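Number of protein chains: 4
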Amino acid sequence: MAIGRRIWAIAEGYIPSESSFEARELISHETACILNAGDREAHVAITIFFADRDPVGPYRVTVAPQRTLHLRFNDLTQPEIIPRDTDYSSVFESDQPIVVQHTRMDSRRAEVSLLSTVAFAEG
Amino acid sequence: MAIGRRIWAIAEGYIPSESSFEARELISHETACILNAGDREAHVAITIFFADRDPVGPYRVTVAPQRTLHLRFNDLTQPEIIPRDTDYSSVFESDQPIVVQHTRMDSRRAEVSLLSTVAFAEG
Amino acid sequence: MAIGRRIWAIAEGYIPSESSFEARELISHETACILNAGDREAHVAITIFFADRDPVGPYRVTVAPQRTLHLRFNDLTQPEIIPRDTDYSSVFESDQPIVVQHTRMDSRRAEVSLLSTVAFAEG
Amino acid sequence: MAIGRRIWAIAEGYIPSESSFEARELISHETACILNAGDREAHVAITIFFADRDPVGPYRVTVAPQRTLHLRFNDLTQPEIIPRDTDYSSVFESDQPIVVQHTRMDSRRAEVSLLSTVAFAEG
Numbered sequence: 012m013a014i015g016r017r018i019w020a021i022a023e024g025y026i027p028s029e030s031s032f033e034a035r036e037l038i039s040h041e042t043a044c045i046l047n048a049g050d051r052e053a054h055v056a057i058t059i060f061f062a063d064r065d066p067v068g069p070y071r072v073t074v075a076p077q078r079t080l081h082l083r084f085n086d087l088t089q090p091e092i093i094p095r096d097t098d099y100s101s102v103f104e105s106d107q108p109i110v111v112q113h114t115r116m117d118s119r120r121a122e123v124s125l126l127s128t129v130a131f132a133e134g
Numbered sequence: 012m013a014i015g016r017r018i019w020a021i022a023e024g025y026i027p028s029e030s031s032f033e034a035r036e037l038i039s040h041e042t043a044c045i046l047n048a049g050d051r052e053a054h055v056a057i058t059i060f061f062a063d064r065d066p067v068g069p070y071r072v073t074v075a076p077q078r079t080l081h082l083r084f085n086d087l088t089q090p091e092i093i094p095r096d097t098d099y100s101s102v103f104e105s106d107q108p109i110v111v112q113h114t115r116m117d118s119r120r121a122e123v124s125l126l127s128t129v130a131f132a133e134g
Numbered sequence: 012m013a014i015g016r017r018i019w020a021i022a023e024g025y026i027p028s029e030s031s032f033e034a035r036e037l038i039s040h041e042t043a044c045i046l047n048a049g050d051r052e053a054h055v056a057i058t059i060f061f062a063d064r065d066p067v068g069p070y071r072v073t074v075a076p077q078r079t080l081h082l083r084f085n086d087l088t089q090p091e092i093i094p095r096d097t098d099y100s101s102v103f104e105s106d107q108p109i110v111v112q113h114t115r116m117d118s119r120r121a122e123v124s125l126l127s128t129v130a131f132a133e134g
Numbered sequence: 012m013a014i015g016r017r018i019w020a021i022a023e024g025y026i027p028s029e030s031s032f033e034a035r036e037l038i039s040h041e042t043a044c045i046l047n048a049g050d051r052e053a054h055v056a057i058t059i060f061f062a063d064r065d066p067v068g069p070y071r072v073t074v075a076p077q078r079t080l081h082l083r084f085n086d087l088t089q090p091e092i093i094p095r096d097t098d099y100s101s102v103f104e105s106d107q108p109i110v111v112q113h114t115r116m117d118s119r120r121a122e123v124s125l126l127s128t129v130a131f132a133e134g
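Residue numbers (my numbering), protein chains in the order written: chain X, 12 to 134; chain G, 12 to 134; chain D, 12 to 134; chain E, 12 to 134.
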């Protein structure tokens, strides 16, 4: 069953450059969790907005039918990496309905800290 | 008074396998808080989506009229347990209006960390 | 300018009984932040839902025009206090449009932890 | 592509006066992340609501086309600074569609704590 919307936005965005740990799951990171509950492959184009320069993108990801993709912004490399310690926002445009949730894990200090929110769904 | 929607989705999902404490309330866990404010029993079917395999479910729970159920994903066992340290998403289909909120408590480190968001309501 | 809705729900609810500090601002607590941006007094009736017994309420609060009320669930006493270490949900019915956001501060451990989400707006 | 709404509200608001660090990025703060994904400059008027006195504003900010502004409430000075350790709410009125997300970093204790939520979109 398809669920969700085709356009989503996350106004918050900030990847700390520091981490107190080396394990992948404890490195400071931001994630866009993308659920494609439908029966068709979702092609998602992501645009990254900055405070003081033109947007970068599209970053393209595919989410298979009936799958979830917990996409780390840290891992994006094409067309360029997301700079650390830098304010950004993101917009997601999908050809199928999806659901998007935003999470940050901050491990700059010895204890991890978390934030999360459902993204803004347009339309 | 019935309040809410019948279809909800939580795109985030991750239960850390580690905990710094043994008390039930301080073990790393994820919860779907389900409010049934109406006068009729709500029958809820939950489907769990993964990154790299077919969805699992339905997990079936019943929420009595005018009651709340803070359902721990950690406690789900039928048809199978939710694997730890694994990305997932969830979809809730109810025959009555409900309200769903998602919370994680992460106690891998000695200090607990929390995240929460209202889930995405379809329709 | 009036902004918001008249019916809101928060499915999450849990006040830890323990705190690492005695200062009011660092005691473990949950808050419903209620904004009344309009020009008329908002009369709000709050009902608390539990896992295994009938709802309690209404708790009645008034939010003056163009004021915010950060209402601590910890402080509610009439018709009865909210029990600690207990799962609950809440529903807000107002005669004027309001905006509701839910926040928890958990200071059971020596470092505070926070969660927050906009509540669910009916209608 | 324009995305979002013109009126937003954040019912939560509280800037701790204490911080455990002196670096700007680790000082206790609250942020309104404002994304203007459209092609026209967005002029945003912000009003701050308090518990026990008249609202203050408008605070005026401009978000250039296709830019994000992570606005710290700590930095607002005209018409007056936001008092610390004080409950407040905020309303955003823009002449262009924007997306608003609210984040707090609390570093009163030696470990930072985070909360975030998409704001409430009117209309």
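Where a beta carbon is used, it is the ideal one built from N, C-alpha and C, also for glycine. Values in this document were obtained by computation on a predicted structure and should not be read as measured data.
Go ahead and pull the three-state DSSP assignment for residue i.
i: Phe-84 (chain X); result: helix
i: Arg-78 (chain G); result: strand
i: Arg-17 (chain G); result: strand
i: Glu-104 (chain X); result: strand
i: Glu-41 (chain E); result: strand
i: Arg-120 (chain X); result: coil
i: Arg-71 (chain G); result: strand
i: Arg-64 (chain X); result: coil
i: Arg-115 (chain E); result: strand
Take residue i as the anchor and find which of the options has the nearest alpha-carbon.
i: Glu-36 (chain E); options: X:Arg-119, X:Phe-131 and X:Gly-134; result: X:Arg-119
i: Asp-65 (chain D); options: D:Asp-96, D:Ser-31 and D:Glu-91; result: D:Glu-91
i: Ala-20 (chain G); options: G:Gln-112, G:Glu-122 and G:Ser-127; result: G:Gln-112
i: Leu-46 (chain E); options: E:Asn-85, E:Ile-57 and E:Ala-75; result: E:Ala-75
i: His-40 (chain X); options: X:Arg-83, X:Phe-103 and X:Phe-131; result: X:Arg-83
i: Met-12 (chain E); options: X:Ala-130, X:Glu-122 and X:Ser-101; result: X:Ser-101
i: His-81 (chain G); options: G:Glu-122, G:Phe-131 and G:Thr-114; result: G:Thr-114
i: Phe-32 (chain G); options: G:Ala-130, G:Ala-132 and G:Glu-122; result: G:Glu-122
i: Ala-56 (chain E); options: E:Pro-69, E:Asp-63 and E:Ala-62; result: E:Pro-69
i: Ala-62 (chain X); options: X:Ala-132, X:Ala-130 and X:Ala-22; result: X:Ala-22
i: Ile-26 (chain X); options: X:Ile-93, X:Val-67 and X:Ala-130; result: X:Ile-93
Run down chain E in chain order and give the residues with a C-beta less than 7 Å from the C-beta of residue i.
i: Ile-14 (chain D); result: Ile-18, Ala-20, Val-102 and Glu-133
i: Gln-77 (chain D); result: Phe-60, Asp-65 and Pro-66
i: Ile-45 (chain D); result: Ala-22
What residues from chain G crowd round residue i, counting only those whose CB sits closer than 9 Å?
i: Leu-81 (chain X); result: It should be pointed out that residue 81 (chain X) corresponds to His in this sequence rather than to Leu. Correct list: Ala-22, Glu-23, Gly-24, Tyr-25, Ala-62, Asp-98, Tyr-99 and Ser-100.
Throw me the rounded Cβ distance for the residue i and residue j pair, which I believe falls under 8 Å.
i: Thr-73 (chain D); j: Ala-53 (chain D); result: 7 Å
i: Gly-15 (chain D); j: Val-110 (chain D); result: 4 Å
i: Ile-38 (chain E); j: Ser-30 (chain E); result: 5 Å
i: Ser-28 (chain D); j: Ser-124 (chain E); result: In fact, because the Cβ distance is near 20 Å, the residues do not count as touching under 8 Å.
i: Thr-128 (chain G); j: Ser-127 (chain X); result: 5 Å
i: Gln-77 (chain D); j: Phe-60 (chain E); result: 6 Å
Around the C-beta of residue i, are 16 or more other C-beta atoms found within 10 angstroms, so that it is buried, or is it exposed?
i: Ala-43 (chain D); result: buried
i: Asp-117 (chain D); result: buried
i: Asp-98 (chain D); result: buried
i: Gln-89 (chain E); result: exposed
i: Ala-34 (chain X); result: exposed
i: Gly-24 (chain D); result: buried
i: Arg-51 (chain D); result: exposed
i: Pro-108 (chain D); result: buried
i: Arg-71 (chain E); result: exposed
i: Arg-95 (chain G); result: exposed
What does residue i touch in chain G if you count any residue whose Cβ is under 7 Å from its own?
i: Glu-41 (chain E); result: Simply none; closest approach about 17 Å.
i: Glu-36 (chain E); result: In chain order: nothing, as chain G lies at least about 19 Å away.
i: Ser-124 (chain X); result: Ser-124
Strictly below 8 Å CB to CB, what residues from chain D border residue i?
i: Thr-128 (chain E); result: Gln-112, Ser-127, Thr-128 and Val-129
i: Asp-117 (chain E); result: Val-123 and Leu-125
Taking CB distances under 9 Å as the criterion, tell me whether residue i reaches chain C.
i: Ser-30 (chain E); result: The structure shown has no chain C; the protein chains it does contain are X, G, D and E.
Closer than 9 Å by beta-carbon distance: list the chain X residues that pair up with residue i, in chain order.
i: Ala-53 (chain E); result: What Ala-53 (chain E) touches in chain X: nothing, since even the nearest Cβ is about 12 Å away.
Would you mind telling me which residues of chain D sit closer than 9 Å to residue i, beta carbon to beta carbon, in chain order?
i: Leu-87 (chain G); result: Chain D residues near Leu-87 (chain G): none, gap ~17 Å exceeds 9 Å.
i: Ala-48 (chain G); result: Ala-20, Thr-58, Phe-60, Pro-66, Ser-100 and Val-102
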